[in-house]
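Here our numbering = 1-based position in the sequence shown + 347.
Glycine residues also receive a C-beta, built at the ideal position from the N, C-alpha and C atoms.
Below you'll find the structure, written out as structure tokens, and then a few comments.
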Amino acid sequence: MSTYSPIKTKLTPLAFALGISISLPTMASSSASVYQFNLAEQPLVYTLTTLAEKANMNLIADAKLLKGLTAPALAGELSLLNALEITLAQSQLSAHIVNNNIVIKTTADTLQPKSDLKSQKAKAEPSKANMEVITVTGNKLQMHRSEIERSSGLSNSDIFSTFSGIEANNIRNEAGALDIGIRGVHGEGRVPIFIDGSLQSTHTNRGYMGSADRSYIDSDLISTIDIEKGSSSKASPYSSGAIGGTVNIRTLGVHDILKSGETFGALVKLKTHNNNKTPKVPESFGLQNYYEVTNGIDTLDFNGGGVSLSGAFKGDKLQAVVAYSKKEVGNYFAGKNGFEEFVEVKEYIRWVPSKEDPTKYVDEPYDFFIPPPVNKNGEVVNTSFESDSYLAKFTYDFTKEHSLEVNTRLHQQVAGEMLASYWYKQRAGDTKFWKEVDEHGQEQWMSEEIPEGVETMPQWQPGTAKVNSASALYHYLPSDNTYLDVTVNVWRTSANLQQYNALGSNLGQNAGQYFHRYNNTRIGASVLNASYITVANKPIVLTYGLSWQEEKLAPHKDWLDNFKKDWLPEDHKYKATSRHGKQVKRALFTNAQIDLAPVELTLNINHHDSINDDYQTGETLTFDAKTDTTLQARVNVFSNTSVKAKYSNAYRMPNLYESTVSNEVFSYSPDYPIKAENTQSYDLGIESEFSDVLFKGDQLVLSAEYFYTNIKDMLATGFLPSKKPDAQSWDQTFSFTNYDSFELPGTELGFNYQSDWLYGKFSYTKYANVEMCSSLIANAEGVDKCNDTGFSGSLTPLRIPADKNYIANVGTSLLDDTLDLGFTYKKHSDKHHPGGFLAGSAVNTLEYIPSGYQLDFYLSYAISDSIKSNLSVTNLTDQYKVSTGSIVAMPEPGQTITISLEAKL
């Protein structure tokens, strides 16, 4: 936990964004980062606004305090804290950083810190003397490298597990990828992930599990993560369709690697895990269906891990970062406690001789117990992954006004993946069947009975992903013109994927029939400008610009080799399983931040359209332009209490995956035309802050927020009646279609306490009256139009979150902040899927997911200023649990120990 200077006054109420973050109480990452400044002497309000924009933070200040004040020139490379100190040095104002807010208030309200060890540190670092840092967030959540390390597990997505209202989807299949949802909204671009300013997601078919919107990055290369819930209230070039929220990731910078004051430096990080085993997968597709699973593993067997090496240079004009990271994790093992909750009990009737008259038979009820495929502490197949990631970043300051950042990143991985219809187990006495080629080149069927003590499950060869991204960011910030702050951004992301998730390939049985190779390429460009103006003595920040994006999906150039059939004529017109098309999206956007003290008002407008071409059919779908509007207001009602209201009316255009045909399970069908989604949402929140509650200088923040999201014409999959002229009554079309509506109301409560040595946080999310409606699907299934579980003949049940979610964190910082340790507790309530969920699809779906919890422990110790060690134990009590987004009984990892060591050289 970073040191902060306790101040005995109450913070300006507008300082508090609403909601609660579960990241650990370290200094806000923006305040620790370093920025390049080139500002002339000018009105104070413009300099403060520029600082906030640089740090991607909110500025909370009473316009009356800033009126008529001038800020000195600001030039060079400075941290946010130092820049604020210089800017306010000649004023009677002080700055307070409350996570994502810079709060300006008069120094007359501020008492000097008490004279102890921490205050002596503050005096030694004058830039922090008037800074108060607590980790309280609202719709925007932040995470820095230290928090990422404490929350990391076997999967890259585990770093999101301590955020309330954030769901990581499909994190155990292809564990190296990220697929994030926010407050029950996820998938198909609803929550885009931007890495260094470029959009990184790729479309992946998941068979009867639908599709995934995956982004690939090694968590050891991440510097900061910013998350905004709901439609953005800030200007963003590529946020069209981001109706659920946005995730912005910044990779390692020079400040993450270099020691203070150094020009050259390196960062070395070593990590290892237990509770995993590298699978030895048979080459034969037939035998892959009978992989012998292991039950139980030695706690001291540390099999997986990783290493990352980073180097940095910082000169007068040039900054450079190069990094490499490698991870290797085998199949993990499940927990054991709570296994009985997943044993299915079925009641049957059998005939048995009567006890009174043995010549007669009577009915006798009995229970038949069906355990899940994975045993207690059993190996969970297809969860291994191995990745190699490379990063290169260069920033060059041509002058004090012009700078250019160029970066490129390559991520290569092999990761286990399997379709839901192959989630089953064979036990002793079952017979396995497979094909072998004899000495004459003929295929022969083979069979063998599984012996006692052996259990098998399908374990396929892992799929591969190779993602290459590059981006350039030009920034022009003149020192003598408050109307110009120009940013130009161009980027390209290309993903080549080879996976077992298609349909109809000719390589063989089981996994061989699903082999699939394709490419997903995205390019984008944007221009935006920020102008700082004053109207009627009210400071206004106007940000405006335009953006263009193009995405292409295409099968591998040799796709036909994998789909030709010997029994079909040479002139047969094959259709690629992969989608093949292009989407172009354009947007014009503007944003205004207006200080109407005591009200802070933000208005965001985004006008966007889409043109989608399907190269397989020759059809073009044009989606006319729509205008998104988001309005947010904050106001103080009492001296220590603020309220916030946010309203949004936004649209998401059908993406390329939803609007093109393919041979995958779900595809676009012209029989069921689609249109843009329309999301209307609002948030209402209140937050109060208290000081000196238990100890002198401590802080307590209580928050409550009600949120409501209604997605009209929501696009989702469905089993729809076939409209072919000769179709039978049972024929179906597996397609995307617009549902009438999906309503997600809920409440978030937060508690955040921090003192010099003790901190604690708690968040509670409750969804109430969730409702999904579709007249089309209801008529097809013969059920009610609306329900709270989703429809059985679709994948919508996976979109319904568990009713209740809890996250709690308590920890302490000791030994002059060199030792930080604590516990994190996460729990979800039970969840029901509709009866007959995906009936007839060969998937053994879960119709009930019991409630579950997980307790994690973390410890961080700074051996020296440049060497740091970390220990974490996830799932400390070894619970057998399944995530609420699961379609089959695929358990989460059991108790797992992670040890890491990093050193700056």
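- C-alpha of residue 414 to C-alpha of residue 440: approximately 12 Å in a straight line.
- Residue 714 has 694 as its beta-bridge partners, per DSSP.
- The three-state reading of DSSP puts residue 722 in coil, since its state is none of H, G, I, E or B.
- Beyond the five residues adjoining it in sequence on each side, residue 1190 comes within less than 8 Å, by CB distance, of 555, 767, 768, 770, 1234 and 1235 in the same chain, given in chain order.
- Beyond the five residues adjoining it in sequence on each side, residue 1011 comes within less than 7 Å, by CB distance, of 552, 849, 850 and 924 in the same chain, given in chain order.
- When the beta-carbon positions are compared, residue 999 and residue 946 stay at least 8 Å from each other.
- The residue from 773, 1161, 497 and 529 with its alpha-carbon nearest to that of residue 511 is 529.
- Here the alpha carbons of residue 810 and residue 1068 stand approximately 33 Å from one another.
- In the three-state DSSP reduction, residue 1038 falls in the strand class (E or B).
- Sequence-distant Cβ neighbours of residue 1161 in its own chain, meaning closer than 7 Å and more than five residues away, are 1104.
- Within the model, the alpha-carbon separation for residue 603 versus residue 508 is close to 23 Å.
- In this structure, residue 816 lies near residue 545, with their beta-carbon atoms less than 8 Å apart.
- Around the C-beta of residue 1237, 16 or more other C-beta atoms lie within 10 Å, and the residue is accordingly described as buried.
- Straight across, the Cα-Cα distance linking residue 741 with residue 797 is about 58 Å.
- Residue 596: not part of any alpha helix (DSSP H); member of the beta strand (DSSP E) spanning 592-598, first to last residue.
- Inter-residue distance for residue 1049 and residue 1222 is about 28 Å (C-alpha atoms, whole angstroms).
- In its chain, beyond the 5 residues on either side, 619 and 621 have a beta carbon closer than 6 Å to the beta carbon of residue 649.
- Membership of residue 1126 in any beta strand (DSSP E) is not indicated; the residue belongs instead to the alpha helix (DSSP H) covering 1122-1128.
- In the DSSP annotation of this structure, the continuous segment of the alpha helix (DSSP H) that includes residue 393 starts and ends at 391-402.
- An exposed status is given to residue 793, since fewer than 16 other beta-carbon atoms sit within 10 Å of its beta-carbon.
- When C-alpha distances from residue 576 are compared across 594, 636 and 564, the shortest belongs to 594.
- In the structure shown, the three-state DSSP call for residue 507 is helix.
- For residue 560, the enclosing beta strand (DSSP E) stretches over residues 558-563.
- Only buried fits residue 573, as 16 or more other CB atoms lie within 10 angstroms of its CB.
- At a cut-off of 3 residues, the continuous stretches assigned as beta strand (DSSP E) that sit fully inside the stretch 1185-1239 are 1199-1209 and 1214-1221.
- Ranking 987, 406 and 390 by CA distance to the CA of residue 948 puts 406 first.
- Its Cα nearest to that of residue 1122, the residue 1132 stands out among 846, 859, 1128 and 1132.
- Where residue 602 is concerned, the enclosing alpha helix (DSSP H) starts and stops at 601-604.
- If you ignore the 5 residues before and after residue 1183, its C-beta comes within less than 7 Å of the C-beta of 1139, all in its own chain and listed in chain order.
- In the three-state DSSP reduction, residue 849 falls in the coil class, being neither helix nor strand.
- If only uninterrupted beta strand (DSSP E) runs of at least 3 residues are considered, those enclosed by the stretch 1149-1186 are 1151-1161 and 1166-1175.
- The way I'd put it, the stretch 903-912 doesn't touch the stretch 952-959; fewer than three beta-carbon pairs between them come closer than 8 Å.
- Between residue 679 and residue 806, the beta carbon gap of about 13 Å keeps them out of contact (Cβ cut-off 8 Å).
- If the five residues before and after residue 727 are omitted, its C-beta is found closer than 8 Å to the C-beta atoms of 519, 678, 679, 680, 681, 721, 1237, 1238 and 1240, all from its own chain and listed in chain order.
- DSSP lists 1049 and 1109 as the bridge partner or partners of residue 1098.
- Contact fails between the stretch 1025-1040 and the stretch 1070-1084, because fewer than three Cβ pairs, one in each stretch, are under 8 Å apart.
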